[in-house]
Amino acid sequence: MYKERTLLQKINLFLKGLVMGGANKVPGVSGGMVAFVMGFYEELIYTFQRINLKAFKLLFNGRFKSFANYTNLQFLVWVMAGSMFSYFSVSLVLDFFLKNYELYVWSWFFGMIIGSIYYISKDFGDWNYKTIIALIVGASIGVSISFMTPATENDNLWFVFLCGIIGVSGMTLPGLSGSFILILLGNYVLLLVDSVNVLGNVITNLVSGNLEVLQDEVKVRYLKIIGVFTAGSAFGLVSISHVLGYVLKKWHQIVTAVIIGFIAGSLGVVWPWKETVYKTKNETFLLDQNGNKIIENYQRYIPDFNNQETWISIGFIIIGISLILIIGFYDRKRK
12 MYKERTLLQK INLFLKGLVM GGANKVPGVS GGMVAFVMGF YEELIYTFQR INLKAFKLLF
72 NGRFKSFANY TNLQFLVWVM AGSMFSYFSV SLVLDFFLKN YELYVWSWFF GMIIGSIYYI
132 SKDFGDWNYK TIIALIVGAS IGVSISFMTP ATENDNLWFV FLCGIIGVSG MTLPGLSGSF
192 ILILLGNYVL LLVDSVNVLG NVITNLVSGN LEVLQDEVKV RYLKIIGVFT AGSAFGLVSI
252 SHVLGYVLKK WHQIVTAVII GFIAGSLGVV WPWKETVYKT KNETFLLDQN GNKIIENYQR
312 YIPDFNNQET WISIGFIIIG ISLILIIGFY DRKRK
(Lines of atoms letter the chains of each structure in order from A and count residues from 1; the text may use other names and numbers.)
(Lines give C-alpha, C1' and ligand atoms only; values in the text may rest on other atoms or scores of the structure.)
Protein backbone atom coordinates (compact mmCIF):
# COMPACT_ATOMS: atom_id res chain seq x y z
CA MET A 1 0.00 0.00 0.00
CA TYR A 2 1.31 3.44 -0.93
CA LYS A 3 1.44 6.31 1.57
CA GLU A 4 -0.84 9.34 1.35
CA ARG A 5 1.06 12.29 -0.10
CA THR A 6 0.96 15.84 1.21
CA LEU A 7 -0.25 18.74 -0.96
CA LEU A 8 3.36 19.88 -1.44
CA GLN A 9 4.37 16.40 -2.61
CA LYS A 10 1.43 16.33 -5.05
CA ILE A 11 2.44 19.71 -6.50
CA ASN A 12 6.01 18.41 -6.77
CA LEU A 13 4.77 15.38 -8.74
CA PHE A 14 2.74 17.65 -11.03
CA LEU A 15 5.82 19.80 -11.74
CA LYS A 16 7.91 16.69 -12.44
CA GLY A 17 5.21 15.49 -14.84
CA LEU A 18 5.25 18.93 -16.46
CA VAL A 19 8.99 18.65 -17.14
CA MET A 20 8.69 15.03 -18.28
CA GLY A 21 5.84 15.85 -20.68
CA GLY A 22 7.72 18.78 -22.17
CA ALA A 23 10.83 16.62 -22.61
CA ASN A 24 8.82 13.86 -24.33
CA LYS A 25 7.76 16.27 -27.07
CA VAL A 26 11.29 17.49 -27.88
CA PRO A 27 13.17 15.31 -30.42
CA GLY A 28 16.32 13.92 -28.82
CA VAL A 29 15.23 14.35 -25.20
CA SER A 30 13.77 11.47 -23.20
CA GLY A 31 11.01 11.93 -20.63
CA GLY A 32 12.21 8.69 -19.05
CA MET A 33 15.59 10.33 -18.50
CA VAL A 34 13.87 13.17 -16.62
CA ALA A 35 12.07 10.61 -14.44
CA PHE A 36 15.35 8.73 -13.86
CA VAL A 37 17.29 11.84 -12.86
CA MET A 38 14.49 13.24 -10.68
CA GLY A 39 14.25 9.99 -8.78
CA PHE A 40 10.79 8.68 -9.64
CA TYR A 41 11.57 6.40 -12.61
CA GLU A 42 11.24 3.06 -10.81
CA GLU A 43 8.01 4.11 -9.07
CA LEU A 44 6.67 5.17 -12.48
CA ILE A 45 7.50 1.79 -14.03
CA TYR A 46 6.14 -0.23 -11.12
CA THR A 47 2.97 1.91 -11.07
CA PHE A 48 2.28 1.24 -14.76
CA GLN A 49 2.98 -2.42 -14.02
CA ARG A 50 0.07 -2.41 -11.53
CA ILE A 51 -2.39 -1.69 -14.36
CA ASN A 52 -3.29 -5.35 -14.83
CA LEU A 53 -6.16 -7.84 -14.58
CA LYS A 54 -6.33 -7.56 -10.78
CA ALA A 55 -6.68 -3.76 -11.03
CA PHE A 56 -9.57 -4.07 -13.51
CA LYS A 57 -11.32 -6.61 -11.28
CA LEU A 58 -11.13 -4.19 -8.34
CA LEU A 59 -12.48 -1.39 -10.53
CA PHE A 60 -15.37 -3.39 -12.01
CA ASN A 61 -16.33 -4.71 -8.55
CA GLY A 62 -16.70 -1.14 -7.29
CA ARG A 63 -13.76 -1.36 -4.87
CA PHE A 64 -12.49 2.08 -5.87
CA LYS A 65 -10.38 2.70 -2.75
CA SER A 66 -8.62 -0.65 -3.12
CA PHE A 67 -8.13 0.08 -6.84
CA ALA A 68 -6.57 3.48 -6.04
CA ASN A 69 -4.24 1.98 -3.41
CA TYR A 70 -3.24 -0.98 -5.57
CA THR A 71 -2.47 1.08 -8.68
CA ASN A 72 -0.81 4.00 -6.84
CA LEU A 73 -3.43 6.13 -8.57
CA GLN A 74 -2.58 9.30 -6.65
CA PHE A 75 0.99 9.27 -7.99
CA LEU A 76 -0.14 8.43 -11.52
CA VAL A 77 -2.84 11.11 -11.69
CA TRP A 78 -0.55 13.96 -10.59
CA VAL A 79 2.37 12.94 -12.84
CA MET A 80 0.17 12.34 -15.90
CA ALA A 81 -1.82 15.54 -15.26
CA GLY A 82 1.44 17.51 -15.34
CA SER A 83 2.59 15.63 -18.42
CA MET A 84 -0.65 16.25 -20.32
CA PHE A 85 -0.83 19.91 -19.26
CA SER A 86 2.67 20.50 -20.60
CA TYR A 87 1.52 19.50 -24.11
CA PHE A 88 -0.62 22.62 -24.24
CA SER A 89 1.65 24.96 -22.24
CA VAL A 90 5.33 24.11 -21.66
CA SER A 91 5.55 22.40 -25.06
CA LEU A 92 4.36 25.56 -26.81
CA VAL A 93 7.06 27.55 -25.00
CA LEU A 94 9.68 24.97 -26.01
CA ASP A 95 8.45 25.10 -29.62
CA PHE A 96 8.89 28.89 -29.59
CA PHE A 97 12.46 28.71 -28.27
CA LEU A 98 13.37 25.87 -30.63
CA LYS A 99 12.24 27.99 -33.58
CA ASN A 100 13.95 31.18 -32.44
CA TYR A 101 16.94 30.05 -30.31
CA GLU A 102 17.49 26.50 -31.54
CA LEU A 103 21.25 26.35 -30.90
CA TYR A 104 20.93 27.52 -27.29
CA VAL A 105 18.07 25.12 -26.52
CA TRP A 106 20.01 22.14 -27.89
CA SER A 107 23.08 23.28 -25.92
CA TRP A 108 21.02 23.39 -22.73
CA PHE A 109 19.65 19.87 -23.36
CA PHE A 110 23.14 18.62 -24.24
CA GLY A 111 24.44 19.92 -20.91
CA MET A 112 21.56 18.32 -18.99
CA ILE A 113 22.26 14.93 -20.57
CA ILE A 114 25.97 15.17 -19.70
CA GLY A 115 24.98 16.07 -16.13
CA SER A 116 22.53 13.15 -16.09
CA ILE A 117 25.21 10.67 -17.15
CA TYR A 118 27.42 11.81 -14.26
CA TYR A 119 24.51 11.87 -11.79
CA ILE A 120 23.39 8.31 -12.61
CA SER A 121 26.91 6.86 -12.90
CA LYS A 122 28.41 8.22 -9.67
CA ASP A 123 26.34 5.94 -7.41
CA PHE A 124 26.33 2.96 -9.77
CA GLY A 125 28.68 0.83 -7.67
CA ASP A 126 31.25 -1.67 -8.89
CA TRP A 127 31.59 -2.08 -12.63
CA ASN A 128 32.29 -5.58 -13.98
CA TYR A 129 32.57 -7.11 -17.43
CA LYS A 130 28.78 -7.74 -17.64
CA THR A 131 27.81 -4.17 -16.85
CA ILE A 132 30.56 -2.77 -19.11
CA ILE A 133 29.26 -4.90 -22.01
CA ALA A 134 25.70 -3.70 -21.21
CA LEU A 135 26.97 -0.09 -21.23
CA ILE A 136 28.61 -0.57 -24.64
CA VAL A 137 25.49 -2.26 -26.07
CA GLY A 138 23.25 0.57 -24.81
CA ALA A 139 25.58 3.26 -26.19
CA SER A 140 25.89 1.48 -29.55
CA ILE A 141 22.13 1.22 -29.97
CA GLY A 142 21.72 4.87 -28.96
CA VAL A 143 24.33 6.04 -31.48
CA SER A 144 22.90 3.80 -34.24
CA ILE A 145 19.40 5.23 -33.74
CA SER A 146 20.73 8.80 -33.89
CA PHE A 147 22.15 8.22 -37.39
CA MET A 148 19.12 6.48 -38.92
CA THR A 149 17.32 8.10 -41.87
CA PRO A 150 13.70 9.21 -41.26
CA ALA A 151 10.83 7.66 -43.22
CA THR A 152 7.94 9.51 -44.88
CA GLU A 153 4.61 10.33 -43.19
CA ASN A 154 2.03 7.54 -42.93
CA ASP A 155 -1.48 8.13 -41.49
CA ASN A 156 -2.68 4.50 -41.70
CA LEU A 157 -4.42 3.94 -38.34
CA TRP A 158 -2.69 0.61 -37.66
CA PHE A 159 0.67 2.26 -38.25
CA VAL A 160 -0.40 5.21 -36.04
CA PHE A 161 -1.25 2.71 -33.26
CA LEU A 162 2.23 1.16 -33.68
CA CYS A 163 3.74 4.67 -33.51
CA GLY A 164 1.94 5.13 -30.18
CA ILE A 165 3.50 1.95 -28.79
CA ILE A 166 7.00 2.83 -30.03
CA GLY A 167 6.77 6.59 -29.42
CA VAL A 168 5.88 6.17 -25.75
CA SER A 169 9.22 4.42 -25.24
CA GLY A 170 10.71 7.82 -24.40
CA MET A 171 8.67 7.85 -21.19
CA THR A 172 9.76 4.36 -20.16
CA LEU A 173 13.29 4.07 -21.56
CA PRO A 174 15.71 6.80 -20.40
CA GLY A 175 17.91 8.02 -23.23
CA LEU A 176 15.57 6.81 -25.98
CA SER A 177 13.67 9.82 -27.30
CA GLY A 178 10.13 8.91 -28.31
CA SER A 179 9.84 12.11 -30.34
CA PHE A 180 13.01 11.34 -32.26
CA ILE A 181 11.71 7.82 -32.93
CA LEU A 182 8.55 9.41 -34.37
CA ILE A 183 10.74 11.55 -36.65
CA LEU A 184 12.46 8.36 -37.85
CA LEU A 185 9.02 6.82 -38.46
CA GLY A 186 8.03 9.96 -40.41
CA ASN A 187 5.08 10.86 -38.17
CA TYR A 188 6.42 13.43 -35.69
CA VAL A 189 4.69 16.43 -37.30
CA LEU A 190 1.45 14.49 -37.88
CA LEU A 191 1.14 13.13 -34.32
CA LEU A 192 2.81 15.69 -32.04
CA VAL A 193 2.24 18.93 -33.93
CA ASP A 194 -0.72 18.87 -36.34
CA SER A 195 -2.96 16.47 -34.39
CA VAL A 196 -2.25 18.13 -31.02
CA ASN A 197 -2.97 21.58 -32.48
CA VAL A 198 -6.24 20.35 -34.01
CA LEU A 199 -7.25 18.73 -30.70
CA GLY A 200 -6.61 21.99 -28.86
CA ASN A 201 -8.64 23.89 -31.48
CA VAL A 202 -11.55 21.42 -31.25
CA ILE A 203 -11.62 21.57 -27.44
CA THR A 204 -11.63 25.38 -27.56
CA ASN A 205 -14.55 25.38 -30.02
CA LEU A 206 -16.54 22.82 -28.00
CA VAL A 207 -16.06 24.78 -24.78
CA SER A 208 -17.35 27.92 -26.54
CA GLY A 209 -20.41 25.96 -27.71
CA ASN A 210 -19.44 25.54 -31.38
CA LEU A 211 -20.49 21.94 -32.15
CA GLU A 212 -20.14 22.44 -35.91
CA VAL A 213 -16.41 21.81 -35.54
CA LEU A 214 -17.23 18.08 -35.29
CA GLN A 215 -18.63 18.19 -38.84
CA ASP A 216 -15.27 19.24 -40.27
CA GLU A 217 -13.93 16.10 -42.00
CA VAL A 218 -10.29 17.22 -41.74
CA LYS A 219 -10.57 17.85 -38.00
CA VAL A 220 -12.43 14.56 -37.45
CA ARG A 221 -9.63 12.76 -39.30
CA TYR A 222 -7.03 14.30 -36.97
CA LEU A 223 -9.16 13.41 -33.93
CA LYS A 224 -9.25 9.77 -35.08
CA ILE A 225 -5.48 9.84 -35.56
CA ILE A 226 -4.72 11.28 -32.12
CA GLY A 227 -7.28 8.93 -30.54
CA VAL A 228 -5.61 5.86 -32.06
CA PHE A 229 -2.16 7.24 -31.20
CA THR A 230 -3.25 7.75 -27.57
CA ALA A 231 -4.63 4.20 -27.42
CA GLY A 232 -1.34 2.85 -28.77
CA SER A 233 0.61 4.92 -26.24
CA ALA A 234 -1.52 3.63 -23.35
CA PHE A 235 -1.07 0.04 -24.53
CA GLY A 236 2.68 0.62 -24.94
CA LEU A 237 3.05 2.19 -21.50
CA VAL A 238 1.45 -0.77 -19.75
CA SER A 239 3.07 -3.53 -21.84
CA ILE A 240 6.59 -2.07 -21.89
CA SER A 241 6.38 -1.28 -18.16
CA HIS A 242 5.56 -4.90 -17.36
CA VAL A 243 8.67 -6.02 -19.23
CA LEU A 244 10.84 -3.29 -17.66
CA GLY A 245 9.50 -3.99 -14.18
CA TYR A 246 10.52 -7.62 -14.53
CA VAL A 247 14.01 -6.98 -15.89
CA LEU A 248 14.68 -4.20 -13.35
CA LYS A 249 13.99 -6.62 -10.51
CA LYS A 250 15.98 -9.48 -12.03
CA TRP A 251 18.95 -7.61 -13.59
CA HIS A 252 18.92 -4.16 -11.97
CA GLN A 253 22.64 -3.32 -12.44
CA ILE A 254 22.78 -4.55 -16.02
CA VAL A 255 19.60 -2.67 -17.01
CA THR A 256 20.91 0.49 -15.34
CA ALA A 257 24.16 0.13 -17.31
CA VAL A 258 22.19 -0.20 -20.56
CA ILE A 259 20.22 2.94 -19.62
CA ILE A 260 23.44 4.88 -18.97
CA GLY A 261 24.66 3.71 -22.39
CA PHE A 262 21.38 4.80 -24.02
CA ILE A 263 21.70 8.24 -22.49
CA ALA A 264 25.34 8.55 -23.57
CA GLY A 265 24.41 7.41 -27.09
CA SER A 266 21.64 10.00 -27.29
CA LEU A 267 24.24 12.79 -27.13
CA GLY A 268 24.59 12.34 -30.89
CA VAL A 269 20.92 13.25 -31.35
CA VAL A 270 21.08 16.44 -29.27
CA TRP A 271 24.51 17.63 -30.48
CA PRO A 272 23.84 21.40 -30.61
CA TRP A 273 25.81 22.23 -33.75
CA LYS A 274 23.77 20.62 -36.50
CA GLU A 275 21.66 21.60 -39.47
CA THR A 276 18.42 19.91 -40.55
CA VAL A 277 18.68 18.38 -44.01
CA TYR A 278 15.36 18.21 -45.89
CA LYS A 279 14.53 15.83 -48.73
CA THR A 280 14.71 17.41 -52.18
CA LYS A 281 14.12 16.37 -55.79
CA ASN A 282 15.54 18.43 -58.61
CA GLU A 283 16.46 21.12 -56.05
CA THR A 284 12.81 21.33 -54.90
CA PHE A 285 11.84 20.54 -51.30
CA LEU A 286 9.62 17.48 -50.95
CA LEU A 287 6.55 18.11 -48.77
CA ASP A 288 4.31 15.73 -46.84
CA GLN A 289 0.51 15.77 -47.26
CA ASN A 290 0.26 18.66 -44.78
CA GLY A 291 2.74 20.87 -46.62
CA ASN A 292 5.63 20.34 -44.18
CA LYS A 293 9.17 19.75 -45.40
CA ILE A 294 10.22 16.11 -45.00
CA ILE A 295 13.31 15.70 -42.81
CA GLU A 296 16.01 13.51 -44.36
CA ASN A 297 18.65 13.72 -41.66
CA TYR A 298 20.82 16.01 -39.52
CA GLN A 299 24.22 17.29 -40.62
CA ARG A 300 26.49 17.80 -37.61
CA TYR A 301 29.53 20.08 -37.65
CA ILE A 302 32.35 21.27 -35.37
CA PRO A 303 31.63 24.71 -33.86
CA ASP A 304 33.71 27.78 -34.69
CA PHE A 305 35.39 28.81 -31.43
CA ASN A 306 36.07 32.28 -32.81
CA ASN A 307 32.32 32.85 -32.89
CA GLN A 308 30.65 34.54 -29.89
CA GLU A 309 27.53 32.39 -30.43
CA THR A 310 29.61 29.27 -29.81
CA TRP A 311 30.73 30.50 -26.39
CA ILE A 312 27.18 31.46 -25.45
CA SER A 313 26.16 27.92 -26.40
CA ILE A 314 28.93 26.48 -24.22
CA GLY A 315 27.58 28.68 -21.41
CA PHE A 316 24.16 27.04 -21.86
CA ILE A 317 25.81 23.59 -21.75
CA ILE A 318 27.35 24.52 -18.39
CA ILE A 319 23.95 25.79 -17.19
CA GLY A 320 22.38 22.46 -18.21
CA ILE A 321 25.02 20.46 -16.33
CA SER A 322 24.70 22.70 -13.27
CA LEU A 323 20.91 22.36 -13.25
CA ILE A 324 21.09 18.56 -13.03
CA LEU A 325 23.75 18.70 -10.30
CA ILE A 326 21.65 21.18 -8.29
CA ILE A 327 18.58 18.92 -8.61
CA GLY A 328 20.71 15.96 -7.49
CA PHE A 329 22.06 17.91 -4.51
CA TYR A 330 18.52 18.96 -3.53
CA ASP A 331 17.24 15.36 -3.72
CA ARG A 332 20.10 14.02 -1.56
CA LYS A 333 19.55 16.78 1.01
CA ARG A 334 15.81 16.14 1.09
CA LYS A 335 16.35 12.42 1.72
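Counting in the numbering used here, the sequence shown runs without a single skipped number right up to 346 at its last residue.
No residue lacks a Cβ here, since even glycine has one placed at the ideal position from N, Cα and C.
Pairwise C-alpha distance: residue j and residue i
i: lysine 261; j: threonine 142; result: 14 Å
i: lysine 110; j: glycine 256; result: 38 Å
i: serine 206; j: tyrosine 233; result: 5 Å
i: phenylalanine 273; j: leucine 64; result: 32 Å
i: glycine 50; j: isoleucine 131; result: 10 Å
i: serine 333; j: leucine 114; result: 18 Å
i: aspartate 166; j: glycine 126; result: 38 Å
i: valine 104; j: tyrosine 199; result: 18 Å
i: phenylalanine 71; j: alanine 79; result: 13 Å
Spatial neighbours of residue i in its chain, beta-carbon cut-off 8 Å, leaving aside the 5 residues before and after
i: asparagine 224; result: One detail in the question is off: residue 224 reads as valine in this sequence, not asparagine. Hits under 8 Å: Asn212, Val213, Asn216, Leu217 and Lys230.
i: serine 250; result: Ile176
i: serine 77; result: Leu69
i: threonine 82; result: Thr58, Arg61, Ile62 and Ala66
i: aspartate 315; result: Thr321
Same chain, Cβ closer than 6 Å to residue i, neighbours up to 5 away in sequence not counted
i: glycine 276; result: Ala150, Gly153 and Val154
i: alanine 145; result: Ile265, Ala268 and Val269
i: leucine 259; result: Val266
i: phenylalanine 328; result: Residue 328 is actually isoleucine in this sequence, not phenylalanine. Once the five neighbours on either side are set aside, the close Cβ partners of isoleucine 328 are Ser118, Phe121 and Gly122.
i: serine 244; result: Gly175 and Val179
i: tryptophan 282; result: Arg311
Per DSSP, cross-strand counterpart(s) of residue i
i: glutamine 310; result: Glu286
Residue i classed as buried or exposed, judged by whether at least 16 other C-beta atoms fall within 10 angstroms
i: phenylalanine 75; result: exposed
i: tyrosine 140; result: exposed
i: leucine 184; result: buried
i: asparagine 221; result: exposed
i: glycine 136; result: exposed
i: tyrosine 129; result: exposed
i: phenylalanine 47; result: buried
i: methionine 182; result: buried
Spatial neighbours of residue i in its chain, beta-carbon cut-off 7 Å, leaving aside the 5 residues before and after
i: serine 97; result: Leu29, Gly32 and Gly33
i: leucine 26; result: Gly93
i: leucine 173; result: Gly243
i: arginine 16; result: Gln85
i: tryptophan 89; result: Lys21, Leu24, Phe25 and Gly28
Just to confirm the assignment: which complete alpha helix (DSSP H) runs, minimum length 4, are found wholly within the stretch 171-212? 180-183 and 189-195
List, from N- to C-terminal side, the alpha helix (DSSP H) runs of 4 residues or more that fit wholly inside the stretch 57-143. 64-71, 75-82, 84-98, 101-111 and 113-132
Of all the alpha helix (DSSP H) runs that stay within the bounds of the stretch 214-261, which reach a length of 4 or more residues? 228-261
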